[in-house]
Ligand SMILES: [Zn+2]
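Okay, here's the thing in structure tokens:
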């Protein structure tokens, strides 16, 4: 066991990297995956045999996931360990084999008649896996022949994904000549632009925005070709796979319906004045009539100077907030600490970032982060422990009943975060400065999830609609982008305050592996707002519903999970409206912060 309390232990997973138990585990896994390949290749339509195979593939994927999580932890912990890196490369090949296994399982599941499939689902060995198996069948039914899919996969390497790589290469090398407010000139890498646009000095933000626009304009033709190529390929593939609408795949990935998406957006459009009020206040705080695009991510209230928070103190604060509001979560957090399941030590060679991972095989969770003695990092801790708690609640479930979509993934983490922040806000010892800072941060988040990300969705939807009829020009892309910004921001943006080139600047539009990388985040944000609002009203009696919700996240669609465990209807705009209105008290407090006199 490590000696420092902010170091984790992985010894309950393997006695050590390269130790005999680790080596044996690897060898057995390779052998069993090879054997399974032969079995799935020989699968017939005998549903009893298919059911047995599903169970065995599930058990294999638990073991693969266990090893993969272990290696993920080791490589984050020491990013320079070459032996670990080599095994990570090795396991990615094994994962590719497992992906092929799943693909052939999908094809097999597409074949049986509805009656035969229903009989198979009734097999006791598939209890609680029905939702996952039904999804596999749907995917199997919406793919081309094996030969065509294989051709598409090969062509995508040089087509669809090549456009994505072109974007990464082109923008990764971008830099721009910037004239700083003090007059000095400097060549700045594009990767710094976003940080510069989050600076408190407005002149600096403005310079970074205007000077940083040049490369995007210079490369706009290439960027438009990439974006058209990506969307065009998708349209072709959807057609061939009998997927009628370009939103069907992202909705399927989110396990939600179009009706829920439309209800959510309707509520946002109806109540758009709520997040806009936060932007109006931000403009007041900086002394302008409205905001420019380069003002949107800048905090209006700086973090107050505080004495560094040590690890023990942060853990104590999180524990107190959790235990007061949600004793079972508090007890779980203490158990994590006692078991050394959290890695937080600042140390050279660690990978940046934070994540929660776990093993379905060992039924244990781990949290990885680096604690730099700030309130921000304490909030990250609460966020990741929230994720871990979700996994803990799911421990009794089989793994085919415990993988949840992106739409439901952030509910538990946001819930953990909100419990901590709520605890902090109600702490009588909290200074006014810290309170104002936390409110400003909360409003920045509300703006991102309720205005900016929905704006990206509106743009992407308009673009995909037009792309179906042919290539969309640079000027039309910029027009669609400005229209989407005007629609969402209204007059909270200055008359010249839009960013028409945002379609090129935002990397998310160019991710070749996933489209509409936007609305699932809005969904997750609003759903957790709704849950927390109910928790505030109902108190402890809400928690069993919350845990029922978490435990069902891998077993049904979002609509079914929410209906059955919370009794709410996601297809009703009223549900989403209530979630939006939950921001009202914080918004009012934010508006109450004294603005500087003009
Ligand atoms: Zn998260």
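In the working numbering, the protein residues as written are 3 to 600.
Even for Gly, the Cβ is constructed at its ideal location relative to N, Cα and C.
To which residues does DSSP link residue 419 through a beta bridge? In the chain shown, the residue the question calls residue 419 occupies position 417. DSSP output for residue 419 lists no bridge partner at all.
Ordered list of alpha helix (DSSP H) runs contained in the region 250-302, each at least 4 residues: 250-255, 260-272, 275-288
Buried or exposed: which applies to residue 275, given that a residue is buried once 16 or more other Cβ atoms fall within 10 Å of its Cβ? In the chain shown, counting from the first residue as 1, residue 275 sits at position 273. Residue 275 is exposed by the Cβ-count criterion.
When every heavy atom of ligand 1 is checked, does at least one fall within less than 7 Å of the C-beta of residue 415? Working through the chain shown from its first residue, we reach residue 415 at position 413. It does: the Cβ of residue 415 is within 7 Å (strictly closer) of some heavy atom of ligand 1.
Under a CB-based cut-off of 8 Å, is residue 54 close to chain B? Of the chains in the structure shown, none is chain B; there is only one protein chain.
Would you mind giving the Cβ-Cβ distance between residue 370 and residue 350, rounded to the nearest angstrom? I have them listed as a contact below 8 Å. Indexing the chain shown from 1 puts residue 370 at position 368. Indexing the chain shown from 1 puts residue 350 at position 348. Contact doesn't hold; Cβ gap of about 16 Å is too wide.
So is residue 42 buried or exposed if we call it buried at 16+ other beta carbons inside 10 Å? Taking the chain shown and counting its residues from 1, the one referred to as residue 42 is at position 40. Buried: at least 16 other Cβ atoms inside 10 Å.
Ligand 1 and residue 389: does the residue's C-beta get closer than 7 Å to at least one heavy atom of that ligand? Within the chain shown, numbered from 1, the residue matching residue 389 stands at position 387. Yes, Cβ of residue 389 sits closer than 7 Å to a heavy atom of ligand 1.
Could you check what DSSP says for residue 190 in three-state terms: helix, strand or coil? On the chain shown, residue 190 is found 188 positions in, with the first residue counted as 1. If DSSP states are grouped into helix, strand and coil, residue 190 belongs with the strands.
Mind checking who residue 368 pairs with in its DSSP beta bridge? The count along the chain shown starts at 1 and reaches residue 368 at position 366. The partner list for residue 368 (beta bridge, DSSP) reads 359.
From what residue to what residue does the alpha helix (DSSP H) around residue 145 run? Taking the chain shown and counting its residues from 1, one reaches residue 145 at position 143. Looking at the DSSP string, residue 145 is not in any alpha helix (DSSP H), and its letter there is neither H nor E.
Assuming the contact rule is C-beta atoms closer than 8 Å, residue 205 and residue 191 should be a hit. Round their C-beta distance to whole Å, please. For the purposes of this step, residue 205 is taken as the residue at position 203 of the chain shown. For the purposes of this step, residue 191 is taken as the residue at position 189 of the chain shown. Actually they are not in contact, since the Cβ atoms of residue 205 and residue 191 sit about 20 Å apart, beyond 8 Å.
Which residues share a DSSP beta bridge with residue 495? Counted from its first residue, the chain shown places residue 495 at position 493. 293, per the DSSP bridge assignment.
For residue 156, count neighbouring C-beta atoms within 10 Å of its own C-beta (all shown protein chains included) and say buried if the count is 16 or more, exposed if not. Stepping through the chain shown from its first residue, residue 156 is reached at position 154. Residue burial is scored here from C-beta neighbours: residue 156 has fewer than 16 other C-beta atoms within 10 angstroms and is therefore classed as exposed.
If you run the structure through DSSP and keep just helix, strand and coil, what is residue 489? Here residue 489 refers to the residue found at position 487 when the chain shown is read from its first residue. Three-state result, residue 489: helix.
Would you tell me roughly how many angstroms separate the C-alpha atoms of residue 324 and residue 502, rounded to the nearest one? Here residue 324 refers to the residue found at position 322 of the chain shown. Here residue 502 refers to the residue found at position 500 of the chain shown. Using only the alpha carbons, I get a separation of about 44 Å.
Taking residue 27 as the reference, which of 500, 317, 68 has the closest Cα? As a working note, residue 27 is residue 25 in the chain shown. If we check each option's Cα against that of residue 27, 68 comes out closest.
Tell me the DSSP secondary structure of residue 178 in three-state form. Residue 178 sits at position 176 when you count from the first residue of the chain shown. Strand at residue 178.
Under 8 Å by Cβ, that's how I've got residue 295 and residue 492 pegged, so tell me the actual separation to the nearest angstrom. As a first step, residue 295 must be located in the chain shown, where it is residue number 293. As a first step, residue 492 must be located in the chain shown, where it is residue number 490. Incorrect: roughly 14 Å between the Cβ atoms, too far for contact.
Taking only runs that begin and end inside the region 433-485, name each unbroken beta strand (DSSP E) of 3 or more residues, in chain order. none
Element boundaries [alpha helix (DSSP H), containing residue 521]: Stepping through the chain shown from its first residue, residue 521 is reached at position 519. Note, residue 521: alpha helix (DSSP H), 521-540.
DSSP on residue 344, reduced to helix/strand/coil? Position 342 of the chain shown holds residue 344. Correct three-state label for residue 344: strand.
Would you kindly report the start and end of the unbroken alpha helix (DSSP H) that includes residue 217? Sequence index remark: in the chain shown, residue 217 carries index 215 (1-based). Start and end: 204-220.
In whole angstroms, what is the alpha-carbon distance linking residue 496 and residue 482? The residue you call residue 496 lines up with position 494 of the chain shown. The residue you call residue 482 lines up with position 480 of the chain shown. The alpha-carbon separation between residue 496 and residue 482 amounts to approximately 18 Å.
Own chain, CB closer than 6 Å to residue 393, minus 5 neighbours either side, in chain order: To locate residue 393, count along the chain shown from 1; it is residue 391. 360, 367, listed in sequence order.
Taking only three categories from DSSP, how would you classify residue 109? Here residue 109 is taken as the residue at index 107 of the chain shown, counted from 1. Reduced to three states, the DSSP call for residue 109 is helix.
Residue 73: first and last residue of the uninterrupted alpha helix (DSSP H) it sits in: Counting from 1 along the chain shown, the entry for residue 73 is found at position 71. Its alpha helix (DSSP H) spans residues 49-79.
Exposed or buried, residue 581, counting other C-beta atoms within 10 Å across all chains shown (16 or more means buried)? Stepping through the chain shown from its first residue, residue 581 is reached at position 579. Its Cβ being crowded by 16 or more others within 10 Å, residue 581 is buried.
List the endpoints of the continuous alpha helix (DSSP H) containing residue 22. In the chain shown, residue 22 corresponds to position 20, counting from 1. Segment 22-43, the alpha helix (DSSP H) holding residue 22.
Output yes or no for whether 8 Å exceeds the beta carbon distance between residue 362 and residue 404. Sequence index remark: in the chain shown, residue 362 carries index 360 (1-based). Sequence index remark: in the chain shown, residue 404 carries index 402 (1-based). Contact: yes.
Please report the straight-line C-alpha distance between residue 555 and residue 566, rounded to a whole angstrom. The sequence position of residue 555 within the chain shown is 553, counting from 1. The sequence position of residue 566 within the chain shown is 564, counting from 1. Looking at the two C-alpha atoms, the distance is approximately 11 Å.
From residue 75 to residue 314, what does the alpha carbon distance come to, in whole angstroms? Along the chain shown, one-based indexing puts residue 75 at 73. Along the chain shown, one-based indexing puts residue 314 at 312. Cα-Cα distance, rounded: 23 Å.
What does the alpha-carbon distance come out to for the pair residue 572 and residue 86? Here the question's residue 572 lines up with position 570 in the chain shown. Here the question's residue 86 lines up with position 84 in the chain shown. Whole-angstrom Cα-Cα distance: 44 Å.
Between residue 412 and ligand 1, is there a pair consisting of the residue's CB and a ligand heavy atom that are separated by less than 7 Å? Along the chain shown, read from residue 1 onward, the residue named residue 412 stands at position 410. Yes, since a heavy atom of ligand 1 falls inside the 7 Å radius drawn around the Cβ of residue 412.
Residue from 23, 456, 115, 197 whose Cα sits closest to the Cα of residue 301: For the purposes of this step, residue 301 is identified with residue 299 of the chain shown, where counting begins at 1. Comparing Cα positions, the closest option is 197.
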